[in-house]
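S.K.: Handing you this structure, nothing more for now.
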Amino acid sequence: MDKTFSSAAAAVADIPDGASIAVGGFGLVGVPIVLIRALLEVGSTNLHVASNNCGVDGWGLGELLREGRISRVIASYIGENRDFARRYLGGELEVELTSQGTLAERLRAGGTGIPAFFTASGVGTMVADGGLPWRYGPGGEVVVSSPPKETRRIGSLGSEKEYVLEEAIVTDYALVRAAKGDRHGNLVFEKSARNFNPVAGMAGRITIAEVDELVESGEIDPDQVHLPGIYVNRIVRLGATDAADLPIEKITTRKRPVSAGLEGKL
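Counted from 1, the sequence shown has number 115 at position 115 by the working numbering; the numbering is strictly sequential.
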């Protein structure tokens, strides 16, 4: 089955108001920015997003956030996005903060049909006991808090440990970015851009991928596939300009040794 779409706009055209969406990326790496911008043009609002973070101010998911299109976020990091923090603390946005490892496993579990799993992360904290602020009111009061979660002691006698039950995440749609894909939807991610993309793609009932390079079916070695096409419903090839839109979140420099004979000339 050829899963290619002619444009990002066509691929996201049916995403309605109130849809839940898993989105790949980590910081500014591996972010499906073309699909996000196409969704912005569609005008869908009241979106529920599951992603590691919500982009930065004015880029990535931050573009949807800036226009008030997102109403709820499951994420592990608020980080560099001041608009995200402002909307959360100001009561405009509901945020379920989840540790990165747990978030990744919740998405993966959703894609594999596992409804829930036990983990040691969060035991003995408000993650398990409940009370984490999910939404604030206009006066700074907490109006929605996380509920308590089931805990259980698991292990052989004498070595039992307490674990907390975390539910899987399954979303209506997923948006991911890959370096290469074929017409059947098999995807290959580039180095650190792999990050949350495979598990986000697994969690969506309808997964849409933008790819830098589109190849014919059979050209990707099966051993090199990071996300099988069974999880991918739609695929869009990026143009050269869109594929090169790769901003750097933080530019750092270091002193470099001066080559022999160049002292005083630099």
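No residue lacks a Cβ here, since even glycine has one placed at the ideal position from N, Cα and C.
Contact defined as beta carbons within less than 8 Å: I believe A116 pairs with E166. What is the distance between those atoms, to the nearest angstrom?
M.R.: Yes, they are in contact, since the Cβ atoms of A116 and E166 sit about 6 Å apart, within 8 Å.
S.K.: Under a three-way DSSP split, which group does D192 fall into?
M.R.: With the sequence shown as reference, residue 192 is identified as Ser, and Asp is not the correct amino acid for it. Correct three-state label for S192: helix.
S.K.: Is E141 buried or exposed, if buried means 16 or more other CB atoms sit within 10 Å of its CB?
M.R.: The residue is exposed, with fewer than 16 neighbouring Cβ atoms inside 10 Å.
S.K.: Would you decide whether P32 is buried or exposed? Buried here means 16 or more other CB atoms lie within 10 Å of its CB.
M.R.: Its Cβ being crowded by 16 or more others within 10 Å, P32 is buried.
S.K.: So, helix, strand or coil for I33, using DSSP?
M.R.: I33 falls in the helix class under three-state DSSP.
S.K.: Looking at C-alpha atoms only, which residue of H184, D17, V258 and G113 is the closest neighbour of V225?
M.R.: The shortest C-alpha separation from V225 is found at H184.
S.K.: In the DSSP assignment, find the alpha helix (DSSP H) that holds V199 and state where it starts and stops.
M.R.: Per DSSP, V199 belongs to the alpha helix (DSSP H) from N197 to A203.
S.K.: Are the region 123-130 and the region 147-166 touching, with three or more C-beta to C-beta distances below 8 Å?
M.R.: Contact between the region 123-130 and the region 147-166 is present, because at least three Cβ pairs lie under 8 Å.
S.K.: If contacts are defined as beta-carbon pairs under 8 Å, then V107 and A11 qualify, I think. What distance do you get, rounded to the angstrom?
M.R.: According to the sequence shown, residue 107 is Leu rather than Val. At roughly 20 Å, the Cβ-Cβ gap does not stay under 8 Å, so L107 and A11 are not in contact.
S.K.: Could you spell out where the beta strand (DSSP E) holding G165 opens and where it closes?
M.R.: Looking at the sequence itself, residue 165 is Leu, so the reference to Gly does not match. L165 -> beta strand (DSSP E) spans K161 to E167.
S.K.: To the nearest angstrom, how far is the alpha carbon of G91 from that of D83?
M.R.: Rounded to the nearest angstrom, the two C-alpha atoms are 12 Å apart.
S.K.: Do you know offhand how far A13's Cα is from G43's?
M.R.: Those two C-alpha atoms are separated by around 10 Å.
S.K.: In the DSSP output, what is V42 paired with across the bridge?
M.R.: Answer is none; V42 lacks a bridge partner.
S.K.: Distance, Cα to Cα, C54 vs I70?
M.R.: Those two C-alpha atoms are separated by around 10 Å.
S.K.: Tell me the DSSP secondary structure of I230 in three-state form.
M.R.: Note: I230 maps to helix in three-state DSSP.
S.K.: For G79, which residues of its own chain have a beta-carbon under 6 Å away from its beta-carbon, when the five flanking residues on both sides are left out?
M.R.: Once the five neighbours on either side are set aside, the close Cβ partners of G79 are N53.
S.K.: Since Y173 is in the beta strand (DSSP E), which residue starts that stretch and which ends it?
M.R.: Counting along the chain, the beta strand (DSSP E) containing Y173 begins and ends at T171 to D182.
S.K.: Which one of A22, A244, D182 and K191 has the shortest CA to CA distance from E219?
M.R.: Looking at the Cα atoms, D182 is the closest of the given residues.
S.K.: Would you mind stating whether A168 and G101 have Cβ atoms separated by less than 8 Å?
M.R.: No. Outside cutoff.
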